[in-house]
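Visitor: There's a structure below that I have some questions on.
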Amino acid sequence: MATQRIAIIDREKCMPEKCSQECHRFCPRVRAGDEETVMVRGKFAEISEDLCIGCGICVKKCPKKAITIVNLSHELEEPVHQYGKNAFRLYNLPIPVRGKVTGLLGANGIGKTTALKILSGQIKPNLGKFDAPPKWDDIILRFRGTELQNYLIGLRDNNVKTIYKPQQVDMIPKKYKGKVADIIKDERGLIGELSKKLEIEHVLGRTLHELSGGELQRVAILAAVLRESDVYYFDEPSSFLDIRHRLIVAALIRDLADSGKAVMVVEHDLATLDYLCDVIHIVYGRASVYGVISTLYSSRRGVNTYLSGYIKDSNVRFRDDALSFMAKGQIFKGSDKSLDYPDIEVKFDKFSLKVDSGHLYAGEIVGVFGANALGKTTLAKVFAGEIKPKKGKIDKKVMIAYKPQYVKGDFDGTVRELLLQKCDDFGSAKFKQEIVMPFELDRIFENYVSELSGGELQRVAVALCLARDVDFYLIDEPSAYLDVEERVKLAKIIRRFIEVNKKTCMVIDHDMMLLNYISDRAVIFLGEPGVSGHAKPAVHLHDGMNVFLKSLGITFRKEQETGRPRANKLDSQQDGRQKAKGKLDSQQDGRQKAKGEYYCA
Numbered sequence: 022m023a024t025q026r027i028a029i030i031d032r033e034k035c036m037p038e039k040c041s042q043e044c045h046r047f048c049p050r051v052r053a054g055d056e057e058t059v060m061v062r063g064k065f066a067e068i069s070e071d072l073c074i075g076c077g078i079c080v081k082k083c084p085k086k087a088i089t090i091v092n093l094s095h096e097l098e099e100p101v102h103q104y105g106k107n108a109f110r111l112y113n114l115p116i117p118v119r120g121k122v123t124g125l126l127g128a129n130g131i132g133k134t135t136a137l138k139i140l141s142g143q144i145k146p147n148l149g150k151f152d153a154p155p156k157w158d159d160i161i162l163r164f165r166g167t168e169l170q171n172y173l174i175g176l177r178d179n180n181v182k183t184i185y186k187p188q189q190v191d192m193i194p195k196k197y198k199g200k201v202a203d204i205i206k207d208e209r210g211l212i213g214e215l216s217k218k219l220e221i222e223h224v225l226g227r228t229l230h231e232l233s234g235g236e237l238q239r240v241a242i243l244a245a246v247l248r249e250s251d252v253y254y255f256d257e258p259s260s261f262l263d264i265r266h267r268l269i270v271a272a273l274i275r276d277l278a279d280s281g282k283a284v285m286v287v288e289h290d291l292a293t294l295d296y297l298c299d300v301i302h303i304v305y306g307r308a309s310v311y312g313v314i315s316t317l318y319s320s321r322r323g324v325n326t327y328l329s330g331y332i333k334d335s336n337v338r339f340r341d342d343a344l345s346f347m348a349k350g351q352i353f354k355g356s357d358k359s360l361d362y363p364d365i366e367v368k369f370d371k372f373s374l375k376v377d378s379g380h381l382y383a384g385e386i387v388g389v390f391g392a393n394a395l396g397k398t399t400l401a402k403v404f405a406g407e408i409k410p411k412k413g414k415i416d417k418k419v420m421i422a423y424k425p426q427y428v429k430g431d432f433d434g435t436v437r438e439l440l441l442q443k444c445d446d447f448g449s450a451k452f453k454q455e456i457v458m459p460f461e462l463d464r465i466f467e468n469y470v471s472e473l474s475g476g477e478l479q480r481v482a483v484a485l486c487l488a489r490d491v492d493f494y495l496i497d498e499p500s501a502y503l504d505v506e507e508r509v510k511l512a513k514i515i516r517r518f519i520e521v522n523k524k525t526c527m528v529i530d531h532d533m534m535l536l537n538y539i540s541d542r543a544v545i546f547l548g549e550p551g552v553s554g555h556a557k558p559a560v561h562l563h564d565g566m567n568v569f570l571k572s573l574g575i576t577f578r579k580e581q582e583t584g585r586p587r588a589n590k591l592d593s594q595q596d597g598r599q600k601a602k603g604k605l606d607s608q609q610d611g612r613q614k615a616k617g618e619y620y621c622a
């Protein structure tokens, strides 16, 4: 029987011993005499989905916001896996395809990682029978006649070998000790070649705790691809990587598929996902409640369908509004400058940074493009006053707020307590309208900061930055740990805030679509990673994209249906055409624009 209603109890928030059990006392069915509808057993409340009428009174009355009730508008089959009573459930499974890269595209918390762990053998699916888990024969019977039947038989009989690259690579040093070379098993005899491709030959002799996030990610990917396996699973392989390394990793993963292996990837960077994958499963639902995995689509159609929020084949709308990347930044020609900065030079023992002088306008957002280890974060710290440059001084009259690259959840208290401590106008109507509501902070007010997910912590950090009354906002890598929808929403929030308040903002990130969407102008960093960096003055976004992509030797085109930038396959016809037409000619607006460009709008 199809599930029509889903009731979820968040066990981290549900504390019956600390509340008046409002969920039970105010439930209409309980008041009518049906005590079984909402019960408190042991440490947590329980809701009978068969008896629940979906009124939502318990959701509103719960003081800890621990209850979610979803009334489904479409029928679903029995779940493939459910974590427990009133807990998250997953419907359907993706299909590994030999010789192809299959992508999983969806929001955070709706089962993508769960699906990978089931297919890689880390979790045995329970078909929703969490209190009496089924045997393998029953599981295989459920998928009889589908492409997954033989795969699951092989998984049961240990005839399918799988490799899983985990999502949280920053946890690797906590789990493994010793040097990088100690955790790598070179079963394919390619460690020399592949470590050179990934540009990590120099880290093989280092200990794991010495590595940066980007180096840890590439080490984890190297460790996975060097193993001999039938199916490879990569969970968010682009995290911590710049655009250049993302495309290098994408090419490496594609080589696995071209050699006849089945590869599956979870990824939130649409440019990387589109470049990497042959086919895509859309994963939709509601975070921490349920997830549904769609049928297979081609890469382009899958991404566009996801952005539209409507699956025509199933007549399912999973988002009210389409996600669009059509927004264009403004071209500032006025004299309302907020910050003039001089030539800047920074020198360390093994790295030097040179920054050409420039100016920033009130009401604009400047996107910062560049590979890792070229000094982008160093410049941000110079502006923020954390690093004193050898040459050049920043006007101290300009008040600056800085959201650092790496966010730490080391505050001993709740989100509400953190905001009360850090924000003078907490509780005001403006604070609620510009900070609390857009970032949906009211949903996590009572959550402890130390227990927030990466995405929640990121939202809180950006919110705290914008909550300060300053002239200039510096936001370093706001897309980290956020899914596609959250990135678009964050970009819109920042864009609206800066324009309404006539402030100035600089955003450093590696997500090409976020930077393309949010930026008015661009600052480009060139140089030799880890040795020297050179930041050019801010230029028009289109020109900056061309300079940046040309330095990487890759080309992008704009997808006409959604406006999103798409990476051209290396040495494809479109890639060749755009590279061949690099001649400059004068345009009516007076700037030099490439005829057939590395970034083709």
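Numbering (the numbering used here), first residue to last: 22 to 622. The beta-carbon is built from N, C-alpha and C at its ideal position, and this holds for glycine as well. All figures in this text were calculated on a predicted structure; none of them were measured in a lab.
#1: Note down, one range per segment and in chain order, each alpha helix (DSSP H) of at least 4 residues found wholly within the stretch 278–325.
#2: From the DSSP output, in three-state form, read off K218 for me.
#3: According to the neighbour-count rule (16 or more other Cβ atoms, all chains shown, within 10 Å of its Cβ), is E477 buried or exposed?
#4: Which partner residues of H230 appear in the DSSP bridge assignment?
#5: Give me the DSSP bridge partner(s) of C526.
#6: Excluding sequence positions up to five away, which residues of its chain have a Cβ less than 7 Å from the Cβ of L328?
#7: Go through its chain and collect everything with a Cβ distance to V509's Cβ below 6 Å, but skip five positions before and after it.
#8: Spatial neighbours of I221 within its chain, please: CB distance less than 7 Å, with the 5 preceding and 5 following residues excluded, ordered by chain position.
#9: Note down, in chain order, each residue of its chain lying with its Cβ closer than 7 Å to the Cβ of I539, except the 5 sequence neighbours on either side.
#10: What residue range is occupied by the uninterrupted beta strand (DSSP E) comprising Y112?
#11: How far does the alpha helix (DSSP H) with H563 in it extend, from its first residue to its last?
#12: Going by C-alpha distance, which of K571, L125, P586 is nearest K602?
#13: Identify which residue in I545, A559, L536 has its Cα closest to the Cα of P586.
#14: Which class does N92 belong to by DSSP, given the choice of helix, strand or coil?
#15: Since Y172 is in the alpha helix (DSSP H), which residue starts that stretch and which ends it?
#16: Beta carbon of Y305, beta carbon of I144: below 8 Å?
#17: Within a Cβ cutoff of 7 Å, which residues of the same chain sit near Q189, ignoring the five residues on either side of it in sequence?
#18: Taking Cβ to Cβ, would you say D256 is nearer than 8 Å to K282?
#19: Are the stretch 394–408 and the stretch 435–447 touching, with three or more C-beta to C-beta distances below 8 Å?
#20: Can you pull the DSSP bridge partners for H102?
#21: Which partner residues does G124 have in the DSSP bridge list?
#22: Given a cut-off of 8 Å, decide if I139 and E70 are closer than it, judged by their beta-carbon atoms.
#23: Rank A383, Y382, E366 by C-alpha distance to the C-alpha of K375 and give the top, closest one.
#24: With D342 as the anchor, note down where its alpha helix (DSSP H) starts and where it stops.
#25: In the DSSP assignment, find the alpha helix (DSSP H) that holds Y538 and state where it starts and stops.
#26: Please check the pair S259 and R267, which I expect to be a contact at CB under 8 Å, by giving their CB distance rounded to whole angstroms.
#27: Taking DSSP as the reference, what is the three-state secondary structure of S553?
#28: Mark M192 as exposed unless 16 or more other C-beta atoms lie within 10 angstroms of its C-beta, in which case mark it buried.
#29: I'd like to check one pair, F372 with G551: are the Cβ atoms closer than 8 Å?
#30: If you follow the beta strand (DSSP E) that I365 is in, where does it begin and where does it stop?
#31: Could you tell me whether the stretch 116–134 touches the stretch 72–88, using the rule of 3 or more Cβ pairs below 8 Å?
#32: Enumerate in chain order the residues of its own chain whose CB-to-CB distance from C44 is below 7 Å, with the five nearest sequence positions on each side excluded.
#33: Kindly indicate which residue of E506, L395, V470 has the alpha-carbon position closest to the one of D290.
#34: Apply the 10 Å Cβ neighbour rule to S141 and answer buried if 16 or more other Cβ atoms are within range, or exposed otherwise.
#35: For S319 and G124, what's the separation of their Cα atoms in angstroms?
#36: Could you work out which residue in L72, C35, L93 is closest to A53 when comparing CA atoms only?
Guide: Once the coordinates are examined:
#1: Listed in chain order, the alpha helix (DSSP H) elements of length 4 or more contained wholly in the stretch 278–325 are 291–297.
#2: helix
#3: buried
#4: Beta-bridge pairing links H230 to no other residue.
#5: The partner list for C526 (beta bridge, DSSP) reads I386, Y494.
#6: A343, L344, T583
#7: Closer than 6 Å at Cβ, skipping near neighbours: L344.
#8: E236, R239, V240, L243
#9: I386, G388, A512, I515, R516, V528
#10: 110–112
#11: For H563, the enclosing alpha helix (DSSP H) begins and ends at 562–573.
#12: K571
#13: L536
#14: strand
#15: 169–177
#16: Taking 8 Å as the Cβ cut-off, Y305 and I144 do not qualify as a contacting pair.
#17: none
#18: No, the Cβ-Cβ distance between D256 and K282 is not below 8 Å.
#19: no
#20: L111
#21: When DSSP reads this structure, G124 sits in a beta bridge with V286, I301.
#22: Against a cut-off of 8 Å, the Cβ pair of I139 and E70 comes out as no contact.
#23: E366
#24: D342 -> no alpha helix (DSSP H), and no H or E assigned at all.
#25: 533–539
#26: 5 Å
#27: strand
#28: exposed
#29: yes
#30: Element bounds for I365: 365–368.
#31: no
#32: V59, A66, C79, K82, C83, I88
#33: E506
#34: buried
#35: 10 Å
#36: Selection L72, C35, L93 evaluated against A53 yields L72 as nearest (Cα-Cα).
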